[in-house]
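Chains as they are written, first to last, in the working numbering: chain A, 1 to 503; chain B, 1001 to 1333.
Below is the structure:
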């Protein structure tokens, strides 16, 4: 244990700029042997940027990094891996057209080569062995990555990190995307690293999870280190104010417990069946001024129901009718014309255009509404967009700023703005607070509640039980494509009660 | 004391931020004026290199004639590029349209009707690509290659037994510079308004950014794809008329190097090759002007057109190199 205090990696005065955005400002940090250091902070606070510099993805603008006391300047991820620094990334970091084995050993094919020929058999055997060791025998080394689902692809990535046996492992928000199987794998991996006296940097938004696995917490805010917690001080209660920079009310959901809304039905979903037949004869009614929560496990069909209601996925039977006008909704354009909006779970691919400006994104669903004599004036666009930026307090330089420069929470605000600008009366939100930090989350809940008070109707599909219980007037719990329970809002609704209906 | 230190620190931080903002603004300005600057530099260079011959009126008229067809074509092709569709069929469809106009005009059908027919034929052929792109999920690039071959084949066949001449004398007024300038101005203004001030243009720019998001936001993407091809076909019809009037023969030479020139012009004009948010309508037109100035100036200086190709290639790389946005904060796309 004499080297127990050895610093594995440290950095001094690191700065990183992306164009005019300052992602890191004079950050100093160190990781010692045996430490599992949680990195927390709101979206866009610089966590991923810092770790990606350590992992050799990009260089810092200024400042120095030391690896066990020696200057360290990795040119690439492979370079960093050779120095014992490996990373599991936030977004999916695998190559879809290669098979599992090739993905696990990527960058390290030499060991399986004879002369210049790659010995595929040897590589597949080695890959199968690794997969067996971590207990995922159901993934085969010769499967093409694209054939695996999201979670299994992530597990391949974990397998890669385990194979590399790094001294420093960086895990960047990987658990948000994972269900229990992948999560426990990651915890096992962290545990192994800790026991072997190596170092882990763990980025996550899940404060309970951080409390469980970390022995140190470093908090970043706007690219600056703002605090540190050790040992028993690591509690969600201590972490929250550090991240946001102010005290948050303990209960940031709505405060009233009356689940009553009007009896007026605004949307009638009548016996709809999905194309693959998984969701069959599904019926539900949405009332005016109601937050209707949808809960269920992955694969329960709740996301598909949302997509069908909006007309994004096809339905083979049944009707979706806008009341009281008695208008049928059959496709997206019908929905938009009837003032229905949809916020997808897949924000970057389905909700906003990354290489377009905030303005362009905000007015996208209102183009026909802001026409005057067939023409759209730049002033009308700017007015509409600026109004939303102000109302949502979106953090940006101006409406002309491109969305790919925004942080996750602000991107989600733009996604909301699009439908608020269009004046939607019915909003279908699929995981509206997914991957969003606590500060923005609280603002979102406030907004959703405010929309309800204005008489808008909201379908909120959520994977988070506290959010579901805290926000919904009525909860529909789904299982195997069917409704397994309908629960009214109440103080005594417990998450265990919901889980029972889900499994 | 501590407080003072803190204050100075904050001040320097502010300065750094201000400097970074300035730098980003400068780059934005650079990207937006680069095409104009390039055009001006080229003009100045050629004036100097040819001892003023470059801006003599004969050459200016020649220059107008040389770039006119491409400019007209561009007023419509911009819409396809805004969608992010690379189309290889534009040139061949132009030959096809020229053929139809020639055949009909020789049969003493009024010119206006001939041009309308040319446009309709263009719409028909471009629609093949549009159907492939909007309905069958086939890449418009691949589909347009097929359209190119079909059109070229038909035009070649029509010219097999004898060249299809367009009697120059019959419509020589179409070669007047002022007619051309008026037509160009009308086409440009119509295109500019459509692109910047209507939901059609704005929808197309959004679609170039992300087809999926545009669709989920309620934009009728199928309809918009067809509209883009129709707008482009109208431009093809007009351009082919002037091309055949000037060239006199309706064969494949009319559209032979059009596709490549269009693409170079798009890039030189600072237009994102794969569509999206930063698309500016006037960009590709400036680009087209630059390509022509370059070709014209080089030939005036007595260099063979072969060298022109090489220079065009190098320029292409340089401009893409300067304007391409590398400051992506994303690690793995």
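Cβ coordinates follow ideal geometry from the N, Cα and C atoms, glycine included.
With a cut-off of 8 Å, does the C-beta of residue 1218 of chain B fall near any C-beta of chain A? Position 218 of the second chain, counted from the start, is the residue given in the question as residue 1218 of chain B. Judged by the 8 Å Cβ criterion, residue 1218 of chain B is in contact with chain A.
How would you write the range of the alpha helix (DSSP H) that residue 401 of chain A sits in, first residue to last? Here residue 401 of chain A corresponds to residue number 401 of the first chain, with the count starting at 1. If you look at residue 401 of chain A, you'll find it isn't in any alpha helix (DSSP H); DSSP assigns it neither H nor E.
Please name the residues in the region 318–346 of chain A whose beta-carbon is closer than 8 Å to at least one beta-carbon of chain B, in chain order. Near chain B, meaning a CB-to-CB distance below 8 Å, the residues of the region 318–346 of chain A are 332, 333, 335, 336, 337, 342 and 344.
Mind checking who residue 71 of chain A pairs with in its DSSP beta bridge? Here residue 71 of chain A is taken as the residue at index 71 of the first chain, counted from 1. Its beta-bridge partners are A:66.
Taking its Cβ as the centre, do 16 or more other Cβ atoms sit within 10 Å of residue 59 of chain A, making it buried, or is it exposed? Against the first chain, residue 59 of chain A aligns to sequence position 59. For residue 59 of chain A, the number of other beta carbons within 10 angstroms of its own is below 16, and it is reported as exposed.
Using the beta-carbon count (16 or more within 10 Å), is residue 1204 of chain B buried or exposed? Looking up residue 1204 of chain B in the second chain gives position 204. By the Cβ-count criterion, residue 1204 of chain B is buried, with 16 or more other Cβ atoms from all chains shown falling within 10 Å of its own Cβ.
So, using beta-carbon positions, are residue 207 of chain A and residue 45 of chain A closer together than 8 Å? Locating residue 207 of chain A in the first chain gives position 207, counting from the first residue. Locating residue 45 of chain A in the first chain gives position 45, counting from the first residue. Not closer than 8 Å, so no.
Which chain B residues sit within Cβ distance under 7 Å of residue 374 of chain A? Translated into the one-based positions of the first chain, residue 374 of chain A becomes position 374. Within chain B, the residues near residue 374 of chain A are 1198.
Nearest-angstrom Cβ-Cβ length linking residue 36 of chain A and residue 238 of chain A, presumed shorter than 8 Å: The count along the first chain starts at 1 and reaches residue 36 of chain A at position 36. The count along the first chain starts at 1 and reaches residue 238 of chain A at position 238. About 17 Å separates the two Cβ atoms, so there is no contact after all.
Whole angstroms are fine: how far does the CA of residue 120 of chain A sit from the CA of residue 506 of chain A? No information on residue 506 of chain A is available, as it lies outside the stretch 1 to 503 that chain A covers here.
Residues bridged to residue 430 of chain A (per DSSP): For the purposes of this step, residue 430 of chain A is taken as residue 430 along the first chain, with counting starting at 1. Residue 430 of chain A is bridged to A:461.
Thinking C-alpha only, which one of A:325, A:287 and A:167 is nearest residue 475 of chain A? In the first chain, residue 475 of chain A corresponds to position 475, counting from 1. Residue A:287 is the option with its Cα nearest to residue 475 of chain A.
Residues from the region 1202–1231 of chain B in contact with chain A, defined by Cβ distance under 8 Å: Within the region 1202–1231 of chain B, contact with chain A at the beta-carbon level (separation under 8 Å) is assigned to 1202, 1203, 1205, 1206, 1209, 1210, 1212, 1213, 1214, 1215, 1216, 1217, 1218, 1219 and 1220.
Bridge partner(s) assigned by DSSP for residue 16 of chain A: Mapped onto the first chain, residue 16 of chain A falls at position 16. Answer is A:24.
Between residue 56 of chain A and residue 12 of chain A, is the Cβ-Cβ spacing less than 8 Å? On the first chain, position 56 is the one that residue 56 of chain A refers to. On the first chain, position 12 is the one that residue 12 of chain A refers to. In this structure, residue 12 of chain A does not lie closer than 8 Å to residue 56 of chain A by Cβ.
Shorter than 8 Å from the beta carbon of residue 360 of chain A to some beta carbon of chain B? The residue given as residue 360 of chain A occupies position 360 in the first chain. By this cut-off, residue 360 of chain A is an interface position.
Separation of residue 135 of chain A from residue 87 of chain A, as counted between CA atoms: Numbered from 1 along the first chain, position 87 holds the residue referred to as residue 87 of chain A. Numbered from 1 along the first chain, position 135 holds the residue referred to as residue 135 of chain A. Their Cα atoms are separated by approximately 21 Å.
Go to residue 273 of chain A, then tell me how far its alpha helix (DSSP H) extends in each direction, as first and last residue. Counted from its first residue, the first chain places residue 273 of chain A at position 273. Where residue 273 of chain A is concerned, there is no enclosing alpha helix (DSSP H), although the beta strand (DSSP E) around it starts and stops at 265–274.
State whether the region 368–378 of chain A contacts the region 392–409 of chain A, with contact taken as three or more CB pairs (one from each stretch) at a distance under 8 Å. Judged by pairs of C-beta atoms under 8 Å, the region 368–378 of chain A does not touch the region 392–409 of chain A, as fewer than three such pairs exist.
Chain-ordered neighbours of residue 410 of chain A on chain B, where CB pairs are closer than 7 Å: In the first chain, counting from the first residue as 1, residue 410 of chain A sits at position 410. Contacts between residue 410 of chain A and chain B, judged by CB atoms closer than 7 Å, are missing: the closest CB pair is about 13 Å apart.
Can you give the Cα-Cα distance for residue 126 of chain A and residue 202 of chain A, rounded to whole angstroms? Sequence index remark: in the first chain, residue 126 of chain A carries index 126 (1-based). Sequence index remark: in the first chain, residue 202 of chain A carries index 202 (1-based). A straight-line Cα-Cα distance of about 28 Å links residue 126 of chain A and residue 202 of chain A.
To the nearest angstrom, how far is the alpha carbon of residue 1329 of chain B from that of residue 348 of chain A? As a position in the second chain, residue 1329 of chain B is number 329, starting the count at 1. As a position in the first chain, residue 348 of chain A is number 348, starting the count at 1. Residue placement at residue 1329 of chain B is flagged as unreliable, the pLDDT there being 30, under the threshold of 50; a coordinate-derived value is accordingly withheld.
So which residues on chain B does residue 365 of chain A lean against when the C-beta distance must stay under 7 Å? Sequence index remark: in the first chain, residue 365 of chain A carries index 365 (1-based). Proximity of chain B to residue 365 of chain A at the Cβ level (cut-off 7 Å) is accounted for by 1217 and 1218, in chain order.
Could you give the DSSP three-state label for residue 496 of chain A: helix, strand or coil? Taking the first chain and counting its residues from 1, one reaches residue 496 of chain A at position 496. Residue 496 of chain A falls in the helix class under three-state DSSP.
The region 1177–1184 of chain B / the region 1254–1267 of chain B touching (three or more Cβ pairs under 8 Å): With the cut-off at 8 Å, the region 1177–1184 of chain B and the region 1254–1267 of chain B do not touch.
Own chain, CB closer than 7 Å to residue 1179 of chain B, minus 5 neighbours either side, in chain order: On the second chain, position 179 is the one that residue 1179 of chain B refers to. Cβ-Cβ distances below 7 Å link residue 1179 of chain B to 1173 in the same chain, with the five nearest sequence neighbours on each side left out; the list follows chain order.
Between which two residues does the beta strand (DSSP E) containing residue 539 of chain A stretch? Residue 539 of chain A falls outside the range modelled here, since chain A spans only 1 to 503, and no answer is possible.
Contact between the region 1112–1123 of chain B and the region 1207–1225 of chain B: three or more CB pairs below 8 Å? The region 1112–1123 of chain B is not in contact with the region 1207–1225 of chain B.
Roughly how many angstroms lie between the CA atoms of residue 1258 of chain B and residue 1240 of chain B, to the nearest whole one? Position 258 of the second chain, counting from 1, holds the residue named residue 1258 of chain B. Position 240 of the second chain, counting from 1, holds the residue named residue 1240 of chain B. Roughly 11 Å between the two C-alpha positions.
Using a cut-off of 9 Å between C-beta atoms, extract the partners of residue 377 of chain A located in chain B. Stepping through the first chain from its first residue, residue 377 of chain A is reached at position 377. Listed along the chain, the chain B residues whose CB falls inside 9 Å of the CB of residue 377 of chain A are 1197.
Kindly give me the distance between the Cβ atoms of residue 302 of chain A and residue 471 of chain A, rounded to whole angstroms, as I take these residues to be in contact under 8 Å. Residue mapping note: residue 302 of chain A aligns to position 302 of the first chain, counting from 1. Residue mapping note: residue 471 of chain A aligns to position 471 of the first chain, counting from 1. The Cβ separation is near 15 Å, so there is no contact.
Around the C-beta of residue 1072 of chain B, are 16 or more other C-beta atoms found within 10 angstroms, so that it is buried, or is it exposed? As a first step, residue 1072 of chain B must be located in the second chain, where it is residue number 72. It counts as buried.
Who are the near neighbours of residue 104 of chain A in its chain, counting only those whose CB is closer than 7 Å to its CB and skipping five residues on each side? In the first chain, the residue the question calls residue 104 of chain A occupies position 104. Excluding its 5 nearest sequence neighbours in each direction, residue 104 of chain A has C-beta neighbours in its own chain below 7 Å: 127, 130, 156, 159, 160 and 163, listed in chain order.
Which stretch, first to last residue, makes up the alpha helix (DSSP H) that contains residue 410 of chain A? Residue 410 of chain A sits at position 410 when you count from the first residue of the first chain. Counting along the chain, the alpha helix (DSSP H) containing residue 410 of chain A begins and ends at 408–421.
Sequence-distant residues of its chain with Cβ nearer than 6 Å to residue 526 of chain A (five each side left out): Examination of residue 526 of chain A is not possible in this model, given that chain A is present from 1 through 503 alone.
Given that a residue counts as buried once 16 or more other Cβ atoms are within 10 Å of its Cβ, and exposed if not, what is residue 404 of chain A? Counted from its first residue, the first chain places residue 404 of chain A at position 404. Result: buried.
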